[in-house]
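**Q** So for the sequence shown, this note's numbering puts the first residue at 69; every next one is plus one.
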Amino acid sequence: PWRRYIEGQEVSGDTLLETSTGAPLLLLDRVGDGRVAELMSDQIWLWARGHQNGGPYGELIRRLAHWLMKEPELEEERLSLTAEGGDIKAELRSLNDDPSPLTLADPEGARVSAEWTQTAPGEFEASLPAPLLGLYAGEAGGVSAIALNGPANPREYIDLRASAEVLQPIIDAADGGVFRLGEANDVTLPDIRRIGARADASGASWAGLKRRNAYAVRSSESRPLLPGVLGMALAIVFMMLAWRREGR
Numbered sequence: 069p070w071r072r073y074i075e076g077q078e079v080s081g082d083t084l085l086e087t088s089t090g091a092p093l094l095l096l097d098r099v100g101d102g103r104v105a106e107l108m109s110d111q112i113w114l115w116a117r118g119h120q121n122g123g124p125y126g127e128l129i130r131r132l133a134h135w136l137m138k139e140p141e142l143e144e145e146r147l148s149l150t151a152e153g154g155d156i157k158a159e160l161r162s163l164n165d166d167p168s169p170l171t172l173a174d175p176e177g178a179r180v181s182a183e184w185t186q187t188a189p190g191e192f193e194a195s196l197p198a199p200l201l202g203l204y205a206g207e208a209g210g211v212s213a214i215a216l217n218g219p220a221n222p223r224e225y226i227d228l229r230a231s232a233e234v235l236q237p238i239i240d241a242a243d244g245g246v247f248r249l250g251e252a253n254d255v256t257l258p259d260i261r262r263i264g265a266r267a268d269a270s271g272a273s274w275a276g277l278k279r280r281n282a283y284a285v286r287s288s289e290s291r292p293l294l295p296g297v298l299g300m301a302l303a304i305v306f307m308m309l310a311w312r313r314e315g316r
């Protein structure tokens with residue numbers, strides 16, 4: 069029982085908790101780009117103290133705060149897509165008992181639709197074939213999601229054999245070389261040598277780093293060795309000592 073609460077009437081939003089008499093106790097609403105939660109009682113601390121077995125105090129306050137901060141996992145309208153074995157599996161969480169159909173766009177821009185199958189109250193599933201590799205985008209009732217079918221970098225997986233063919237023009241322009249490690253000739257890591265700007269950059273078992281004498285001054289700072297007054301005083305003292313010595 070809630071020992072004390074404010075009588076109210078729902079004007080907008082959704083009522084999540086009610087009193088024993090049916091009066092709204094916890095209400096949530098979206099206002100513009102913001103969100104509002106209102107608890108019509110100051111007695112929720114009884115849950116935290118375990119009064120009459122208490123209640124889910126920590127869970128309610130934590131999820132309520134995260135919903136107000138727009139935590140994606142707690143969105144009441146949420147669409148997720150997953151690529152599984154050549155199909156795109158879509159899962160929808162919605163307060164609508166008859167949500168809009170799923171519209172899926174493949175990597176080439178073609179669109180297909182699918183109806184939802186309800187798996188639990190407020191939870192729906194749909195599945196569509198995904199014959200193409202790439203990014204699929206889904207939309208249903210104002211919520212959207214994307215899924216990647218295949219490797220994240222498909223061009224890099226076309227040919228995984230080690231080859232210098234792609235980089236050969238750059239290697240030739242730099243007078244460089246290619247060293248293969250762990251092959252039958254058992255080549256070890258090449259020696260690294262400093263070479264002149266016009267010398268060859270590689271040999272049978274060595275690689276060169278050219279001396280370009282290129283540098284950049286990022287900052288500079290200067291400080292006097294001695295303060296001016298102290299330096300002048302020491303100079304006068306040394307001059308007097310030198311004059312005295314010469315006078316002898």
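Backbone N, C-alpha and C fix where the C-beta goes; we use that ideal spot for every residue, glycine too.
Please state the DSSP three-state secondary structure of GLY209.
**A** Taking the sequence shown and counting its residues from 1, the one referred to as residue 209 is at position 141. The answer is coil: DSSP assigns GLY209 none of H, G, I, E or B.
**Q** Could you tell me the distance, in whole angstroms, from the CA atom of PRO167 to the CA atom of TYR125?
**A** For the purposes of this step, residue 167 is taken as residue 99 along the sequence shown, with counting starting at 1. For the purposes of this step, residue 125 is taken as residue 57 along the sequence shown, with counting starting at 1. Just so you know, the alpha carbons of PRO167 and TYR125 end up roughly 32 Å apart.
**Q** By Cβ distance, which residues of its chain are closer than 6 Å to ALA173, with the 5 residues on each side in sequence left out?
**A** The sequence position of residue 173 within the sequence shown is 105, counting from 1. Same-chain partners within the cutoff: ARG179 and ALA205.
**Q** Relative to the C-alpha of ALA188, which candidate in LEU107, ASP165 and SER148 has its C-alpha closest?
**A** As a position in the sequence shown, residue 188 is number 120, starting the count at 1. Checked all of LEU107, ASP165 and SER148; the closest Cα to ALA188 is ASP165.
**Q** Distance, Cα to Cα, VAL297 vs ILE304?
**A** The residue you call residue 297 lines up with position 229 of the sequence shown. The residue you call residue 304 lines up with position 236 of the sequence shown. Going from the Cα of VAL297 to the Cα of ILE304 covers about 11 Å.
**Q** Check whether the region 143-159 and the region 214-234 touch, using three or more Cβ-Cβ pairs below 8 Å as the test.
**A** In short, these stretches touch, since the Cβ pair count reaches three.
**Q** Starting from the N-terminal side, write out each stretch of the beta strand (DSSP E) that is 3 residues or longer and does not extend beyond the region 184-246.
**A** 185-188, 191-197, 202-208 and 211-217
**Q** To the nearest angstrom, report how far apart GLY102 and ARG72 are at their CA atoms.
**A** Sequence index remark: in the sequence shown, residue 102 carries index 34 (1-based). Sequence index remark: in the sequence shown, residue 72 carries index 4 (1-based). Computed Cα separation, rounded: 28 Å.
**Q** Going by the beta-carbon positions, is the gap between GLY322 and ARG98 smaller than 9 Å?
**A** Here the chain covers residues 69 to 316 and nothing more, so residue 322 does not appear.
**Q** Is it right to say ALA284 is buried, meaning 16 or more other beta carbons lie within 10 angstroms of its own, or is it exposed?
**A** Walking along the sequence shown from the start, residue 284 turns up at place 216. Exposed, by the Cβ-count rule.
**Q** One question on the structure: do MET108 and ALA91 come within less than 9 Å of each other, judged by their Cβ atoms?
**A** Against the sequence shown, residue 108 aligns to sequence position 40. Against the sequence shown, residue 91 aligns to sequence position 23. Yes.
**Q** Please list, in chain order, all residues of the same chain as LYS138 whose beta carbon is under 8 Å from its beta carbon, the five residues on each side excluded.
**A** Numbered from 1 along the sequence shown, position 70 holds the residue referred to as residue 138. The answer, listed in chain order, is ARG103.
**Q** Would you decide whether GLY276 is buried or exposed? Buried here means 16 or more other CB atoms lie within 10 Å of its CB.
**A** What you label residue 276 is simply residue 208 of the sequence shown in a count that begins at 1. The residue in question, GLY276, is buried, as its Cβ has 16 or more Cβ neighbours within 10 Å.
**Q** By a C-beta neighbour count over all protein chains shown, 10 Å radius and 16 as the cutoff for buried, is TRP184 buried or exposed?
**A** Numbered from its first residue, the sequence shown carries residue 184 at position 116. TRP184 comes out buried.
**Q** Give the DSSP-derived three-state secondary structure of GLY151 in the structure shown.
**A** Taking the sequence shown and counting its residues from 1, the one referred to as residue 151 is at position 83. For the record, residue 151 in the displayed sequence is Ala; it is not Gly. In this structure, ALA151 counts as strand in the three-state DSSP scheme.
**Q** Check whether the Cβ atoms of GLU145 and GLY210 sit closer than 9 Å, and answer yes or no.
**A** By one-based count along the sequence shown, residue 145 stands at place 77. By one-based count along the sequence shown, residue 210 stands at place 142. Yes, the Cβ-Cβ distance between GLU145 and GLY210 is below 9 Å.
**Q** Do ALA105 and TRP70 count as a contact pair if the criterion is CB distance below 9 Å?
**A** Your numbering for residue 70 matches position 2 in the sequence shown. Your numbering for residue 105 matches position 37 in the sequence shown. Against a cut-off of 9 Å, the Cβ pair of ALA105 and TRP70 comes out as no contact.
**Q** For LEU277, which residues does DSSP report across the bridge?
**A** As a first step, residue 277 must be located in the sequence shown, where it is residue number 209. According to DSSP, LEU277 bridges with ARG262.
**Q** With DSSP collapsed to three states, give me the class of ILE156.
**A** If you number the sequence shown from 1, residue 156 lands on position 88. Note: ILE156 maps to strand in three-state DSSP.
**Q** How should ALA230 be labelled, buried or exposed, when 16 other C-beta atoms within 10 angstroms of its C-beta is the threshold for buried?
**A** Counting from 1 along the sequence shown, the entry for residue 230 is found at position 162. The residue is exposed, with fewer than 16 neighbouring Cβ atoms inside 10 Å.
**Q** Among LEU149, TRP115 and ALA208, whose alpha-carbon lies nearest the alpha-carbon of GLU317?
**A** Here the chain covers residues 69 to 316 and nothing more, so residue 317 does not appear.
**Q** Measure the C-alpha to C-alpha separation of ARG248 and ARG266 and round it to an integer number of angstroms.
**A** As a first step, residue 248 is located in the sequence shown; it is residue number 180 there, counting from the start. As a first step, residue 266 is located in the sequence shown; it is residue number 198 there, counting from the start. Spanning the alpha carbons of ARG248 and ARG266 requires a straight line of approximately 25 Å.
**Q** Could you give the distance in angstroms between the alpha-carbon of LEU163 and the alpha-carbon of ASN221?
**A** Locating residue 163 in the sequence shown gives position 95, where the first residue counts as 1. Locating residue 221 in the sequence shown gives position 153, where the first residue counts as 1. Here the alpha carbons of ASN221 and LEU163 stand approximately 37 Å from one another.
**Q** Looking only at its own chain, which residues have a Cβ that is under 6 Å from the Cβ of ALA194, when we skip the five neighbours before and after it?
**A** If you number the sequence shown from 1, residue 194 lands on position 126. Exclusion of the five residues before and after ALA194 leaves ALA158, LEU170, ALA182 and TRP184 as the residues of its chain whose Cβ lies within less than 6 Å of its Cβ.
**Q** Per DSSP, which one or two residues make a beta bridge with GLY102?
**A** Counting from 1 along the sequence shown, the entry for residue 102 is found at position 34. Note: GLY102 sits in a beta bridge opposite VAL99.
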